[in-house]
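In the working numbering, the protein residues as written are 26 to 222.
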């Protein structure tokens, strides 16, 4: 099976690549997803290319064009190949904040995929943590930028190994679906620090 992967250097996609590389032929989209590139004989597209950190979200135009133009390009490649498009969305689509460009764009692209794509899996990805994560909360914990008060806050998340296991299962079932993750952990920020930092 030929699987086209975008965002292959990212935290989540790189973990999936490790799980899939032994049994599938992986093709990396080594190109800016905002610009179309043609591919043939693709069975599945893992579309994970996206800004992934609050620091990256400050460039609203790049966030918007990467998510929207990139996803439209992947939908077109999926249609040309009769491939399954696996779209890395976010649990953030449940919160409606018009100023949250990332979640707004992900929500818009979910609707676009549902209305235009014949074969798809939409992954509603929660927070995912592991000792190799270097963005978001993990970066704040490593740099000591979390207050004592914040250390008591609880966070719902998945461990990277559980994320990978559930995502591979969703790929096997590759029917048209919005995939919701389960077996979430709920721990304080202090406990997360003890686990991963």
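Virtual Cβ for every residue (Gly too), placed ideally from N, Cα, C.
Legend entry - Which residues DSSP lists as bridging residue 50, in chain order: 27
Legend entry - alpha helix (DSSP H) segment containing residue 184, residue limits: Careful: residue 184 lies outside any alpha helix (DSSP H), inside the beta strand (DSSP E) at 179–184.
Legend entry - At least 3 beta-carbon pairs within less than 8 Å: the segment 143–150 vs the segment 182–199: yes
Inset, instruction - Count the other C-beta atoms from every protein chain shown that fall within 10 angstroms of the C-beta of residue 177, then say buried if there are 16 or more, exposed otherwise. - result: exposed
Legend entry - Residue span of the alpha helix (DSSP H) that contains residue 44, given as start and end: 36–45
Legend entry - Distance, residue 217 Cα to residue 172 Cα: 14 Å
Legend entry - For residue 114, the residue or residues it bridges with in DSSP: 149
Inset, instruction - Return the first residue and the last residue of the alpha helix (DSSP H) that residue 33 is part of. - result: Looking at the DSSP string, residue 33 is not in any alpha helix (DSSP H), and its letter there is neither H nor E.
Legend entry - Nearest-angstrom Cα separation, counted from residue 35 out to residue 44: 14 Å
Inset, instruction - Measure the beta-carbon distance from residue 67 to residue 108 and round it to whole angstroms, keeping in mind my assumption that it falls under 8 Å. - result: 5 Å
Legend entry - Reduced DSSP category for residue 72 - H, G, I as helix; E, B as strand; rest coil: strand
Inset, instruction - Following the continuous beta strand (DSSP E) through residue 205, name the residue where it begins and the one where it ends. - result: 202–205
Legend entry - residue 101 to residue 157 span [Cα, whole Å]: 33 Å
Inset, instruction - State the start and end residues of the unbroken alpha helix (DSSP H) segment that holds residue 87. - result: 85–106
Legend entry - C-beta neighbour in chain B for residue 121, strict 8 Å: Absent here is chain B; the protein component of the structure consists of one chain.
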